[in-house]
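Trainee:
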Amino acid sequence: MPDPSGPSGPSGPSGPSGPSHGITTGAVARRLGVSPTTVRSWDQRYGIGPAVRADGRHRRWSPADVAMLEEMCRLTASGVPPAEAARAARAAQAVLPGAAPPEEPRETAPRRAGPGGGLPLGDVRQECRGLARAAVRLDGPAMEVLLRQVLAEHGLVTAWEEIMAPTLHAVGRKWESSGDRYVEVEHLLSWHVSTALRRGAVAGPASPLAPVVLACVPGEQHTLPLEALAAGLAEQGLPTRMFGAAVPAEAIDAAVRRSGPAAVVLWSQARSTAHHALARHLAGTSFGVRGARTAPLVLLAGPGWLGRTPAPGTARPTGLREAIAVISRLYGEPAGGVTA
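Be aware that the sequence shown starts at 1, since it is given in UniProt numbering, and climbs by one per residue.
This is how it looks when you write it as structure tokens:
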């Protein structure tokens with residue numbers, strides 16, 4: 001392994017990716033929740049760039065450079081015009097104390113307010129903060145890149161439970177507490193999350209297995225949790241039929257009778273939309289040939305169902321992981337890598 005502390009010979013540095021040379025533009029963009037194009041644009045337009053470039057060409061960001069970009073992100077996310085934010089970020093860099101080692105660029109400067117773009121995130125994964133910052137900046141390309149990465153690196157269940165859902169909840173809380181602000185942030189973030197989930201829920205070849213019916217109860221518009229479940233079931237090779245938001249009770253009943261599902265998942269976000277009579281009715285619905293008739297398991301998904309004991313033939317999973325495990329067991333074996 002080359003010595004990162006200095007030149008390895010007359011040819012120059014020990015390698016452009018060595019710690020003493022900082023991190024690449026792509027790496028710093030992922031950490032900050034912006035696109036690499038945005039980082040390069042800030043460098044070209046406003047001089048928010050690295051002090052040293054490897055071989056005079058490739059950008060390598062030192063801890064101090066990353067701290068300057070963090071300040072730029074914080075200011076622009078709060079509404080400061082980019083040119084003015086750049087001047088302030090450069091001025092702040094001039095008085096920053098010594099930085100931490102390059103391996104920990106997020107800790108090189110004192111923590112500033114609003115590390116997630118001003119959203120109430122709490123103690124969450126670093127990727128969650130990056131996604132939040134990209135959402136507040138309305139940076140669609142960065143959100144798409146980040147979502148692809150977290151799904152590839154962590155898998156659907158962890159990506160949803162520990163990154164996507166916490167960020168969506170934080171945006172929702174910010175919207176509720178700030179009047180009409182951040183509505184556009186929630187809509188754009190939701191659209192990108194939905195796109196990422198649907199990309200993972202692409203239907204496979206026709207399956208002889210009974211499908212899983214997924215639907216929001218009448219009056220319920222929140223579909224993203226069901227989209228996450230559809231993607232998770234697709235990973236297990238299980239067929240689904242997604243009916244989306246606010247499905248009338250009569251339509252859900254017709255869909256169940258026509259498709260003969262192994263399970264029906266009803267999503268309710270609030271107690272005001274929980275339709276207990278519909279759940280009981282579907283749990284008692286049987287189909288199939290005489291002598292071998294069967295009924296679907298009805299999963300009551302979402303916080304709207306809390307407060308009542310589940311009726312016979314129904315189950316109330318506590319989250320995405322458990323829902324996938326419960327449904328997978330209906331098909332004869334547990335989901336690979338997913339436990340309740």
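Just so you know, even glycine gets a beta-carbon here, dropped at the ideal spot from N, CA and C.
(1) What does the Cβ neighbour count give for A270, buried or exposed, with the cut at 16 atoms within 10 Å?
(2) Between which two residues does the alpha helix (DSSP H) carrying V247 extend?
(3) Helix, strand or coil for V34? Go by DSSP, reduced to three states.
(4) From T38, E127, L32 and S62, pick the residue whose C-alpha is nearest to that of residue 343; which is it?
(5) May I ask you to verify whether the stretch 232 to 239 touches the stretch 163 to 177, counting CB pairs closer than 8 Å and requiring at least 3?
(6) Between which two residues does the beta strand (DSSP E) holding L299 run?
(7) Among V185, R30 and V157, whose alpha-carbon lies nearest the alpha-carbon of V136?
(8) Within 10 angstroms of the Cβ of A152, are there 16 or more other Cβ atoms? Answer buried if so, exposed if not.
(9) Applying the 10 Å Cβ sphere with the 16-neighbour rule, what's the burial state of A251?
(10) Nearest to S286 by alpha carbon, out of P303, R258, W267 and W305?
(11) Does the Cβ of T309 have 16 or more other Cβ atoms within 10 Å, making it buried, or fewer, making it exposed?
(12) Count the other CB atoms within 10 Å of the CB of E220; is the residue buried (16 or more) or exposed (fewer)?
(13) What are the start and end residues of the beta strand (DSSP E) that includes L266?
(14) Quick check: the stretch 132 to 150 against the stretch 210 to 220, are at least 3 beta-carbon pairs closer than 8 Å?
(15) Taking the alpha-carbon of T294 as reference, which of V183, A301, L300 and L282 has the nearest alpha-carbon?
(16) V212 and A279 - do their beta-carbons sit closer together than 8 Å?
(17) Mind reading off the beta-carbon distance from A134 to V34? Whole number of angstroms is fine, and I expect it under 8 Å.
(18) Look at the Cβ atom of L297, then the Cβ atom of G313, and state whether they are nearer than 8 Å.
Mentor: Answer, in terms of the structure:
(1) Stepping through the sequence shown from its first residue, residue 270 is reached at position 270. A270 should be labelled exposed.
(2) Mapped onto the sequence shown, residue 247 falls at position 247. Per DSSP, V247 belongs to no alpha helix (DSSP H) and is neither H nor E.
(3) For the purposes of this step, residue 34 is taken as residue 34 along the sequence shown, with counting starting at 1. Note: V34 maps to coil in three-state DSSP.
(4) In this structure the chain extends from 1 to 340, so residue 343 is not present and cannot be described.
(5) no
(6) Taking the first residue of the sequence shown as position 1, residue 299 is located at position 299. L297 to A301 is the extent of the beta strand (DSSP E) around L299.
(7) The count along the sequence shown starts at 1 and reaches residue 136 at position 136. Of the listed residues, the one whose Cα sits closest to V136 is V185.
(8) Counting from 1 along the sequence shown, the entry for residue 152 is found at position 152. That one is exposed.
(9) As a first step, residue 251 is located in the sequence shown; it is residue number 251 there, counting from the start. Result: exposed.
(10) Here residue 286 refers to the residue found at position 286 of the sequence shown. When only C-alpha atoms are compared, the closest one is R258.
(11) Within the sequence shown, the letter at position 309 stands for residue 309. Exposed is the call here.
(12) For the purposes of this step, residue 220 is taken as the residue at position 220 of the sequence shown. Buried, since its Cβ has 16 or more Cβ neighbours within 10 Å.
(13) Along the sequence shown, one-based indexing puts residue 266 at 266. Run containing L266: A263 to W267, per the beta strand (DSSP E) assignment.
(14) no
(15) Here residue 294 is taken as the residue at index 294 of the sequence shown, counted from 1. The shortest CA-to-CA distance from T294 to any of V183, A301, L300 and L282 is the one to L282.
(16) Position 279 of the sequence shown, counted from the start, is the residue given in the question as residue 279. Position 212 of the sequence shown, counted from the start, is the residue given in the question as residue 212. No, these two residues do not count as a Cβ contact at 8 Å.
(17) Here residue 134 refers to the residue found at position 134 when the sequence shown is read from its first residue. Here residue 34 refers to the residue found at position 34 when the sequence shown is read from its first residue. With 8 Å as the limit, A134 and V34 qualify as a contact, their Cβ atoms being about 6 Å apart.
(18) Within the sequence shown, residue 297 is the residue found at index 297, counting from 1. Within the sequence shown, residue 313 is the residue found at index 313, counting from 1. Cβ atoms of L297 and G313: closer than 8 Å.
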